[in-house]
Amino acid sequence: MSNEIVILAGTAASIGFIHTISGPDHYLPFIVLAKARRWSALKTAIITFLCGIGHILSSIILGFIGIFLGVAVFKLEAIESSRGEWAAWLLIIFGFTYFIWGIHRAIRWKPHIHSHPHLEENSHSHSHSHTMEHSHVHYRQEVNLTPWVLFIVFVFGPCEPLIPLIIYPAAKHNMMAVVTISSIFALTTISTMLCIVLSAYFGLSRLPVRNLERYSHALAGLVIFLCGGAIKFLGL
């Protein structure tokens, strides 16, 4: 492996790490939705991993299409930029919709008491909320849609630094270098996403946030909405 490729590989790893931690959309949606939806650590990791794969593969495929069609780097970067616009708007729309749904759900959260008399025992009562216990069948149906929405958003989300990293070695007719650099970038990006998401997942599980459960979905939607806004208007 030439020194040129070694430098590019190190650059791919560095940029993959910086690209991930500097983009809150790479981890905050998973953190807040895992908390609100009560995903297990395994489910959170799988969803994060698959979204990361979709995020990377979409840019890699675009890069290879550019290689075979001879499209100039600046044209591919322009396409990536437009994809970034779409991804930001999708996050904004998804976050706002989820926020409104979360507010509606919080308003419906009205705990009340049910009394249960028994023939041989004293009667007892317990409090519950219809949004938590009696709607659990519908809740599970709702959960299935959320990972798909996230996956679609991440497929649209571009990896702008990856295009020049792929195109440069391809211009040297070194496809092995293209595969190596793409793999290093993907491994670094997805590993960083998983580390941040799972660290926050286990950290939040230790915090006493039971009083906020009523608003967990609304807060998750608000965070996702703000992520999309930060990408669109602040360029994060």
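Going letter by letter, the sequence shown gives residues 5 to 240 in the working numbering.
For every residue, glycine included, the Cβ atom is placed at its ideal position computed from N, Cα and C.
This one's a predicted model, so the numbers in the text were calculated from it and none came from an experiment.
Suppose only complete runs of 4+ residues qualify. What are the alpha helix (DSSP H) ranges in the region 175-229, listed by chain order? 179-208
On a CA-only basis, which of Tyr31, Ile65, Ile171, Ser44 is nearest Ala16? Give me that one, please. Ile171
If we ignore side chains and look at the alpha-carbon of each, how far apart do Pro168 and Gly74 end up? 13 Å
Which class does Ala76 belong to by DSSP, given the choice of helix, strand or coil? coil
State the DSSP-derived secondary structure class of Trp43, mapped to helix, strand or coil. coil
Starting from the Cα of Glu84, find the closest Cα among Ile194, Arg41, Ile69 and give me that residue. Ile69
What's the gap between the Cα of Asp29 and the Cα of Cys231? 6 Å
Are there 16 or more other CB atoms within 10 angstroms of the CB of Met180, so buried, or fewer, so exposed? exposed
Leaving out the 5 sequence neighbours to the left and right, which residues in its chain are closer than 7 Å to Thr24 when beta-carbon positions are compared? His30, Thr193, Thr196, Met197
Report yes if the C-beta of Glu84 is less than 7 Å from at least one heavy atom of the ligand SAM; otherwise report no. Among the components of this structure there are no ligands whatsoever, and the ligand SAM is therefore not found.
Could you tell me if Ile19 is buried or exposed, where buried requires 16 or more neighbouring beta carbons within 10 angstroms of its beta carbon? buried
For Val36, I'd like the list of residues in its chain whose CB is within less than 6 Å of its CB, leaving aside the five on either flank, ordered along the chain. Ala224, Val227
Secondary structure at Pro33, three-state DSSP: helix, strand or coil? helix
Verify whether the separation of the beta carbon atoms of Gly99 and Ala222 is less than 8 Å. no
Smallest Cα separation from Ile185: which of Ala234, Gly67, Leu46? Gly67
Sort Val10, Ser63, Gly14, Phe206 by Cα distance to Leu46 and report the nearest one. Phe206
Classify Val183 as buried or exposed, calling it buried when 16 or more other Cβ atoms lie within 10 Å of its own Cβ. exposed
Give me the Cα-Cα distance between Leu149 and Gly58, rounded to the nearest whole angstrom. 17 Å
From Ser220 to Phe229, what does the alpha carbon distance come to, in whole angstroms? 14 Å
Should Ser26 be labelled buried (16 or more other beta-carbon atoms within 10 Å of its own) or exposed? exposed
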